[in-house]
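Going by numbering that gives the first Met the number 0, the residue at position 363 of the sequence shown is 362; the numbering climbs one at a time, nothing skipped.
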Amino acid sequence: MTHTTVTTQPIAGQKPGTSGLRKRTKVFMEPHFLENYVQAIFDGTGRVAGKTLVVGGDGRYFNDRAIQVILRMAAAGGAARCIVGQGGILSTPAASHLIRKRGASGGLILSASHNPGGPDADFGLKYNGANGGPASEKITAEIFARTQDIAEYHILEATDADLGTLGESHLGDLVVEIVDPVTDYAALMEDLFDFDAIAALFAGGFAMKFDAMHAVTGPYATAILEGRLGAVKGTVMNGVPSEDFGGGHPDPNPIWAKDLMDVMYADDAPDFGAASDGDGDRNMIVGRGAYVTPSDSLALLASKAHLAPGYAKGLAGVARSMPTSGAVDRVAAAKGIGCYETPTGWKFFGTLLDAGKVTLCGEESAGTGSDHVREKDGLWAVLLWLNILAETKMSVADLMDEMWRDYGRCYYTRHDYEDVEAEKANAMFDALRNKLPGLAGSDVAGQTVEWADEFAYDDPVDGSHAAAQGLRIGFVGGGRAVFRLSGTGTVGATIRLYLEQLETDASRFGLDPAEVLKPINEAALALSDLAAMTGRSAPDVIT
Ligand code: G1P
Ligand code: ZN
């Protein structure tokens, strides 16, 4: 077989500070684009000679073609072995687990997460390191630098590897090992959770709907929920992965998982509903007529995780991203365990998990996870909820009510202003940033500012510093507003405004979150002058 060296040129790599690269699928399909990025990953991570890599993706359009390119380039680079999910399928958490379990040097995960898929939608590729988690800031910077000075890439001329048949084959000297994408992951879940108790719950008539959103968790959820745990057939909806996710937007929130929300708010709603995203790392939890915010879900899991065998010893500590509500902080304080506030992005949890400082972590954007892998894990969160429901025999609504009575309720919402002109967004942030130091004590739109700052983070484990991670304003009475620029959007700038209000009066736990958060929203809009600065009068998405 011939090994070809192609002369090439720099590409638009990922923004420094973000992990992986997401682009329009058509960009990834341009001649040499994917190859250049793969070579930049190989070069930026110290080359692949002799290494074992895990490769798989969420099954979106171009997944299989891209895997063939990666395998031929890994072969040309002298990699020893690529472990590939059958059919090219691996959920992000399953890939993280495989990297760890097999002692691989790292993995390439093909996904644009919850972004739509298809020839006119998005594609993505990211590199995870030997701990199974997103590449560190240092590696990300190396990969980015290589995208800027790449001059050639190496690829083997060969016919396609057979991704459909389990077992080993060769591509030049590279061993291509095709594995079942579900088996190892399902075994890990069985180690962590009391499958007998959950199976007994289902056997007793407990009804559930899991919306796989035509994405990667379909096979995992069907095998585990319907296969191992005995949930009735049809529990998993939209369970067959499709290249364009059924034309939908595989983001598990009340807007995009509206089918599931409708089921859960109907008169004959099942006991429990859940959904997961394109690559299986996000989750949405909803009880009968009771949507659970991701921030509240994290707090609930932190308060009850000890009921599952894998967490019976209790939690070392917990972590949340800064914009996530303070609900989990209140649980941690009551339990006397550590609580870390990190910048947005899963990679910041990695050092804390590796150092054993935290067991559970999560983000407001529907990501929850633990030290079992180094990614957020949608189905894991669903199974932990099921284990808790099986042990407590309580409904989701009653569990939430009990938690609010114990710790207070953090009303929470996020407003996204999408595709804002980057210059206008930056000007708004600059102006607000300049105002922050003088804000404490001032009144705005009926609220009194208690404190205001720009969030920065010093990693307590590796000492790295992350600056400019969001503008925060705390109000007297337990309100908070946070402004952040998205790092994952593919067009223009996305401004995220996170709103929170703590309530400790139990007679006020049943209010409409939008009403409760209105005053904080008005104060935040007045302080930032968002409408005038960006020309936007209302958010595009409210979750
Ligand atoms: C978003 C979420 C963030 C998450 C990331 C990757 O990033 O807000 O919590 O870690 O996607 O799933 P953002 O677009 O806000 O930068
Ligand atoms: Zn995802």
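We put the beta carbon where it would ideally sit given N, CA and C, even for glycine.
Proximity of residue i and residue j at Cβ, strictly below 8 Å
{"i": "E374", "j": "T182", "result": "no"}
{"i": "A93", "j": "P180", "result": "yes"}
{"i": "R21", "j": "A111", "result": "yes"}
{"i": "V5", "j": "E156", "result": "no"}
{"i": "G116", "j": "G277", "result": "yes"}
{"i": "L107", "j": "I40", "result": "yes"}
{"i": "G279", "j": "L388", "result": "no"}
{"i": "G49", "j": "A79", "result": "yes"}
{"i": "M188", "j": "L352", "result": "no"}
{"i": "L498", "j": "L516", "result": "yes"}
{"i": "T493", "j": "D429", "result": "no"}
{"i": "T350", "j": "D458", "result": "yes"}
{"i": "A451", "j": "H464", "result": "no"}
{"i": "V285", "j": "M260", "result": "yes"}
{"i": "I588", "j": "L385", "result": "The requested residue 588 does not occur in the structure, where the chain is confined to residues 0 to 542."}
{"i": "S168", "j": "A211", "result": "no"}
{"i": "G233", "j": "Y264", "result": "no"}
{"i": "P133", "j": "N127", "result": "yes"}
C-alpha gap between residue i and residue j, whole angstroms
{"i": "V178", "j": "G166", "result": "7 Å"}
{"i": "M393", "j": "D400", "result": "11 Å"}
{"i": "E176", "j": "G77", "result": "15 Å"}
{"i": "A159", "j": "A65", "result": "For the record, residue 159 in the displayed sequence is Asp; it is not Ala. Rounded to whole angstroms, D159 to A65 spans 11 Å at the Cα level."}
{"i": "S441", "j": "L431", "result": "14 Å"}
{"i": "N252", "j": "M283", "result": "6 Å"}
{"i": "L526", "j": "L484", "result": "17 Å"}
{"i": "K125", "j": "L33", "result": "12 Å"}
{"i": "G45", "j": "A523", "result": "46 Å"}
{"i": "H213", "j": "V235", "result": "10 Å"}
{"i": "S296", "j": "E136", "result": "28 Å"}
{"i": "D195", "j": "R495", "result": "42 Å"}
{"i": "F348", "j": "A315", "result": "13 Å"}
{"i": "Y411", "j": "V443", "result": "20 Å"}
{"i": "I10", "j": "N35", "result": "7 Å"}
{"i": "I149", "j": "Q13", "result": "14 Å"}
{"i": "A326", "j": "D161", "result": "48 Å"}
{"i": "F271", "j": "R408", "result": "21 Å"}
{"i": "D250", "j": "A301", "result": "24 Å"}
{"i": "G238", "j": "G246", "result": "14 Å"}
{"i": "L306", "j": "E340", "result": "25 Å"}
{"i": "A222", "j": "A186", "result": "11 Å"}
{"i": "F482", "j": "A513", "result": "18 Å"}
{"i": "D528", "j": "F143", "result": "35 Å"}
{"i": "N433", "j": "W345", "result": "29 Å"}
{"i": "A505", "j": "K312", "result": "31 Å"}
{"i": "S294", "j": "A365", "result": "8 Å"}
{"i": "F508", "j": "G43", "result": "51 Å"}
Neighbourhood of residue i by C-beta, 6 Å cutoff - its chain only, sequence neighbours within 5 removed
{"i": "P343", "result": "Before going on, a small fix: residue 343 reads as Thr here, not Pro. Contacts found: S320."}
{"i": "P269", "result": "A206, M207, K208"}
{"i": "G58", "result": "I88, V215, P240"}
{"i": "V372", "result": "P92, S95, H96, G131"}
{"i": "K303", "result": "I387"}
{"i": "R99", "result": "G131"}
{"i": "N114", "result": "D121"}
{"i": "G309", "result": "L191"}
Cut-off 7 Å between Cβ atoms - residues of its own chain near residue i, not counting five sequence neighbours on either side
{"i": "A230", "result": "F201, M207, L224"}
{"i": "I254", "result": "V540, T542"}
{"i": "A426", "result": "M532"}
{"i": "D556", "result": "Look at the range of the chain in this structure, 0 to 542, and you will see that residue 556 is not part of it."}
{"i": "G626", "result": "Residue 626 lies beyond the residue range present for the chain, which begins at 0 and ends at 542; the question has no answer from this structure."}
{"i": "M28", "result": "F61"}
{"i": "V174", "result": "A79, R80, E167"}
Cβ-based neighbour list, residue i, same chain, cut-off 8 Å, excluding 5 preceding and 5 following
{"i": "T3", "result": "A75, H153, I154, L155, E156"}
{"i": "L52", "result": "A73, A78, R80, C81, I82, A103, S104, G105, G106, L107"}
{"i": "V460", "result": "T350, L351, D353, A354, K356"}
Go through the region 485-536 residue by residue and report every complete run of the beta strand (DSSP E) that reaches 3 residues or more, in order. Taking only runs of at least 3 residues, the beta strand (DSSP E) segments lying wholly in the region 485-536 are 492-502.
Take every Cβ of the region 435-447, pair it with every Cβ of the region 466-476, and state whether three or more of those distances are shorter than 8 Å. The region 435-447, when compared against the region 466-476, does touch it at the 8 Å Cβ threshold.
Starting from the N-terminal end, write out each residue whose C-beta falls within a distance shorter than 5 Å of any non-hydrogen atom of the ligand HEM. The ligand HEM is absent from the structure shown, which contains only the ligand G1P and the ligand ZN.
Spell out a yes or no on whether the region 382-397 and the region 328-347 are touching, meaning 3 or more CB-CB pairs, one atom from each, closer than 8 Å. The region 328-347 and the region 382-397 do not touch, with fewer than three beta-carbon pairs separated by less than 8 Å.
Counting only runs that start and end within the region 295-325, where is the beta strand (DSSP E) found for 3 or more residues in a row? Entirely contained in the region 295-325, the beta strand (DSSP E) runs reaching 3 residues are, in chain order, 316-320.
My parser needs the alpha helix (DSSP H) runs of 4 or more residues fully inside the region 363-421; what are they? Fully contained in the region 363-421 are the following alpha helix (DSSP H) runs of length 4 or more, in chain order: 377-391, 395-406.
Could you tell me whether the region 531-538 touches the region 352-369, where touching means 3 or more Cβ pairs closer than 8 Å? In short, these stretches do not touch, since the Cβ pair count stays below three.
What are the start and end residues of each continuous beta strand (DSSP E) run of 3 or more residues lying completely inside the region 181-257, in chain order? Unbroken beta strand (DSSP E) stretches of 3 residues or longer found wholly inside the region 181-257: 207-210, given in chain order.
Pick out the complete alpha helix (DSSP H) segments inside the region 70-126, 4 residues or longer, and give them in chain order. For the region 70-126, whole alpha helix (DSSP H) runs of length 4 or above, ordered along the chain, are 91-100.
Scan the region 429-465 and note each continuous beta strand (DSSP E) run of 3 residues or more that stays entirely inside, going in chain order. Inside the region 429-465, DSSP marks whole beta strand (DSSP E) runs of 3 or more residues at positions 446-453, from first to last along the chain.
Secondary structure, alpha helix (DSSP H): runs of 4+ residues fully inside the region 123-166: Whole alpha helix (DSSP H) segments, 4+ residues: 136-148.
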